[in-house]
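Below is one structure, written out as structure tokens, with a few remarks after it.
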Amino acid sequence: MKSFRLQLRFLVPLVLILAVAAYLALPLMDRLNLRWFARDLNMRGALVTNALSESIADALPEPRGRKLQALFNRALQDERLVAIGLCSTQGKLVRTTPNFPKDLSCARAEQIAAEPDPLLRIGGGPVHVGVHPVNAEAGRMGDLVLLQDLSFIERRSQDTRQYLIILIGSLGAVIALATVIVAQLSWRGWVSGTRALLRGEGLIRPLSGTAPELAPLAADLRARLRELEDEYRRSQGPEADWNPERLQSLLRTQFSGDQVIVVSNREPYIHERSGTGIVARRPASGLVTAVEPVMRACSGTWIAHGSGSADRDVVDSHDRVALPPGHSEYLLRRLWLTAEEEKGYYFGFANEGMWPLCHVAHVRPVFRESDWECYRAVNRRFADAVVQEARSEDPVVLVQDYHFALLPAMVREKLPRATILTFWHIPWPNPESFGICPWRREILQGMLGSTILGFHTRFHCKNFIETVDRYLEARIEHEHSTISFQGVSTFVESYPISIEWPTESETRHWLPVAESRRRVFERLHIPPGQRLAVGVDRFDYTKGILERVHAVERMLEKYPEWVGRFTLVQVAAPSRGELEEYRAFRERITQVTERINQRFSAPGGPVIRLLVEHYDHEAVNELYRAADVCLVTSLHDGMNLVCKEFVAARDDERGVLILSRFAGAARELPEALIVNPYHVEETADALHRALTMPEAEQRERMASLRTTVREFNVYRWAGRMLADAGRWRLRERIAARVQRHQTS
71 MKSFRLQLRF
81 LVPLVLILAV
91 AAYLALPLMD
101 RLNLRWFARD
111 LNMRGALVTN
121 ALSESIADAL
131 PEPRGRKLQA
141 LFNRALQDER
151 LVAIGLCSTQ
161 GKLVRTTPNF
171 PKDLSCARAE
181 QIAAEPDPLL
191 RIGGGPVHVG
201 VHPVNAEAGR
211 MGDLVLLQDL
221 SFIERRSQDT
231 RQYLIILIGS
241 LGAVIALATV
251 IVAQLSWRGW
261 VSGTRALLRG
271 EGLIRPLSGT
281 APELAPLAAD
291 LRARLRELED
301 EYRRSQGPEA
311 DWNPERLQSL
321 LRTQFSGDQV
331 IVVSNREPYI
341 HERSGTGIVA
351 RRPASGLVTA
361 VEPVMRACSG
371 TWIAHGSGSA
381 DRDVVDSHDR
391 VALPPGHSEY
401 LLRRLWLTAE
411 EEKGYYFGFA
421 NEGMWPLCHV
431 AHVRPVFRES
441 DWECYRAVNR
451 RFADAVVQEA
461 RSEDPVVLVQ
471 DYHFALLPAM
481 VREKLPRATI
491 LTFWHIPWPN
501 PESFGICPWR
511 REILQGMLGS
521 TILGFHTRFH
531 CKNFIETVDR
541 YLEARIEHEH
551 STISFQGVST
561 FVESYPISIE
571 WPTESETRHW
581 LPVAESRRRV
591 FERLHIPPGQ
601 RLAVGVDRFD
611 YTKGILERVH
621 AVERMLEKYP
631 EWVGRFTLVQ
641 VAAPSRGELE
651 EYRAFRERIT
661 QVTERINQRF
671 SAPGGPVIRL
681 LVEHYDHEAV
691 NELYRAADVC
701 LVTSLHDGMN
711 LVCKEFVAAR
721 DDERGVLILS
731 RFAGAARELP
741 EALIVNPYHV
751 EETADALHRA
761 LTMPEAEQRE
771 RMASLRTTVR
781 EFNVYRWAGR
791 MLADAGRWRL
801 RERIAARVQR
811 HQTS
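Reminder that position 693 of the sequence shown reads as 763 in the numbering used here, one-by-one numbering, no gaps.
See below:
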């Protein structure tokens, strides 16, 4: 009897609590359901309005309104659409369907639509009221009032209430049954088991020892807590930091694990023969620096030109090789070009034509018909390789740079459902400059085969859109940065590229800054105590190397106290030596360097040490860590990743970055000393300021720079493009379904 009274003391309050919970929860559930469905109907209404806008604009001028009425009648075939009304820009009803309420004015519809629960009762049933603007090419034509049936929500709410009552009743029954059993078996065991459960012992790990009869309840609660935790994490969205795991998660959620294919001219690793056998090395390329970490995260296929002396020796029968060496995280498919193809496509059209044209570097672009034919043929070969490597009809294809301007449209012909992301790594000139290209229309048409077309800066996006507007008949929506050409819509956006931020496992092997400095000084025979500036570039006339050495000469003239105390180490990787312009540029740099060294010769050695060789990543990183100043004086650059690599290398928060205002990175890194490299005096003064900058100011500037580069890393660059592509593809699929539904 005592046990029964104890049970009643517990069960009666429990029943009351459950009843009150059900009484309070049911209306709240109904309201939440209504809000959710109202939001979905608003989105659905906006989509329907966008789909009908152009048709309404075409039918509106007809005086008798038959076309408009027929259009509305077809739309009403949707089982959830009850009625449609069209309001003019002055707020007056222009046309309605027969079921449209006669007492519902445009003003009243807007008032209802603005309410949290935009409902109207027609014939005893609830109807959702939505007012959506009708926009056409001529501008806003009015508003479309859509009345959508909400009766299905009441049916679903009834089902939800039933399930909730059953759930609460079942939960109460389980708890009551457990309470009765526990009370009958052992009051003390029940108390100790409940206390253990309240302490969370059964929720974190299975109950052991005390009150085993509560284990099923604890297991149910653990499962529910895990579900709630997962829902909470999903609601919070991804973490702030971009990393390979977050990029992989994005691919799984946005693209359901779809295949990723990268196309570039330069391969991520070159296999070459050496005295000890075949060695793999990474080429000096900002593109490779940026894209290779993304491919490791995506585990896709990279298609590139095989140019190494041992490239053919390491591929399989399908010209594929797993990379990186020893890890096999993605596949590289190599294509082989003849010497004639490489001369016309790469050295000719791409680098004698497109490169100087886009960089506006005061070097005359050269366009030959034979080069154009090679360029087009090689683009076709790479497009065919993409089709061969694709495992589905809608792969994600990342096209890299100016070598493949024609490829997006070629891939689009064979794989119309593919998501093609083209990233243009170099600047895009203004329409007048681009007009020099004889095949400007073909280049633009090829690029507009892309789903998304990315540039480094908004300025380059603006130039491209204006170029399309000048030379093609395309529909351009400046507000949304979209271009529609021959049935394909392309989203044009800026995605500032970056580098992979060094991981903790990588930085753990770095030598201390003092040791790096000692090793660099010893290897290059630089006297101790000298101040060191570094420049790391390809031997290219766009990098401002000549302007850089002139600035060093002017600084030594203006501030003679640095003579014998300053050294510039200029690493210049050989590049495109087959071209006359590059050979002449290299000779000129060598002559100017020798003249400056003779003029300011000192017992400690030459002022400028020109290292015309390829430096591997570790050697360059050691050079960055040893330097007092890093000089990036590009005359025109898409982004330039040297400055970001220097910032990433300086975990001691020392060193000063001098950055050209004509590099895309200048917009992201304002804490650097920004200079005009054409102004020799300004660059010389900036170099003197960098050499005399207090450590506190260096620390403050470098800390801010490192925060920016760490946050805006290469995974964020790729993630933003892929996320935009995922949203774009989803929107296109929904629009296609709506169109099919309307025409069926």
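Where a beta carbon is used, it is the ideal one built from N, C-alpha and C, also for glycine.
Where the alpha helix (DSSP H) containing residue i begins and where it ends
i, result
"F716", "712-719"
"W320", "According to the sequence as given, residue 320 is Leu; it is not Trp. Unbroken alpha helix (DSSP H) run through L320: 314-325."
"A383", "Residue identity differs from the one stated: residue 383 is Asp in this sequence, not Ala. 381-384 is the span of the alpha helix (DSSP H), which, as asked, contains D383."
"I535", "528-541"
"V639", "Here V639 belongs to no alpha helix (DSSP H); instead the beta strand (DSSP E) covers 636-643."
"H583", "According to the sequence provided, residue 583 is Val. The question's His does not apply to it. Counting along the chain, the alpha helix (DSSP H) containing V583 begins and ends at 583-594."
"L681", "Looking at the DSSP string, L681 is not in any alpha helix (DSSP H); the run it does join, the beta strand (DSSP E), is 678-681."
"Q515", "510-517"
Extent of the continuous beta strand (DSSP E) run through residue i
i, result
"M763", "Premise fails: M763 is in no beta strand (DSSP E) and is neither H nor E."
"I17", "One cannot answer for residue 17 here, as it falls past the ends of the chain, which runs 71 to 814."
"E547", "545-547"
"R450", "Per DSSP, R450 belongs to no beta strand (DSSP E); it is in the alpha helix (DSSP H), 439-459."
"I490", "489-493"
"A603", "601-608"
Between the CA atoms of residue j and residue i - distance to the nearest angstrom
i, j, result
"Q640", "L542", "44 Å"
"E585", "V604", "17 Å"
"K613", "S704", "4 Å"
"G212", "F107", "25 Å"
"I274", "E570", "Any reading at I274 must be qualified, since the residue scores a pLDDT of 40, below 50, and its modelled position is unreliable; the value itself is stated next. Going by the C-alpha atoms only, they are around 37 Å apart."
"R799", "R134", "39 Å"
"Y694", "E342", "27 Å"
"G272", "N313", "Because G272 sits at a pLDDT of 46, beneath the cut-off of 50, its placement in the model cannot be relied upon, and the point is left open."
"R801", "Q318", "22 Å"
"R679", "S554", "52 Å"
"A396", "F325", "Per the sequence shown, the amino acid found at residue 396 is Gly instead of Ala. Cα to Cα, G396 sits roughly 28 Å from F325."
"V750", "V118", "60 Å"
"G270", "I245", "With a pLDDT of only 48 at G270, under 50, the local geometry of the prediction cannot be trusted, and the value read off the model is given with reservation. Using only the alpha carbons, I get a separation of about 17 Å."
"G307", "A643", "Bear in mind that a pLDDT of 47 at G307, under 50, signals an unreliable position, so the number given afterwards is only what the model happens to contain. Cα-Cα distance, rounded: 43 Å."
"K484", "E439", "26 Å"
"I506", "D539", "16 Å"
Residue i - partner residues in DSSP beta bridges
i, result
"F555", "V558"
"Y400", "L393"
"P196", "R191"
"E342", "V349"
"N205", "R210"
"I744", "L729"
"W372", "V332, L402"
"T57", "Only positions 71 to 814 of the chain appear in this structure, which leaves residue 57 out of reach."
"I522", "L491, F561"
C-beta atoms of residue i and residue j nearer than 8 Å
i, j, result
"I154", "L163", "no"
"A795", "T489", "yes"
"V712", "D607", "yes"
"V481", "V456", "yes"
"V199", "L214", "no"
"P508", "F437", "yes"
"I331", "G376", "no"
"G414", "D441", "yes"
"R771", "E741", "yes"
"L638", "V662", "no"
"E617", "T753", "yes"
"R646", "F417", "yes"
"Q700", "I744", "In the sequence as displayed, the identity of residue 700 is Cys instead of Gln. The answer is no: Cβ separation not under 8 Å."
"R390", "R403", "yes"
"A718", "V784", "no"
"A697", "L602", "yes"
"S520", "L491", "yes"
"S568", "F782", "yes"
"E688", "R724", "no"
"L220", "L189", "yes"
Residue-level contact to chain D via CB, residue i, 8 Å cutoff
i, result
"K628", "Reference to chain D is not applicable here, since this structure consists of a single protein chain."
With contact counted as at least three CB pairs below 8 Å, one residue from each stretch, are the stretch 789-803 and the stretch 664-676 in contact? no
Three or more beta-carbon pairs under 8 Å between the stretch 333-342 and the stretch 462-482, yes or no? yes
Would you check if the stretch 508-526 and the stretch 551-562 touch, i.e. whether three or more CB-CB distances between them fall below 8 Å? yes
State whether the stretch 182-192 contacts the stretch 123-137, with contact taken as three or more CB pairs (one from each stretch) at a distance under 8 Å. no
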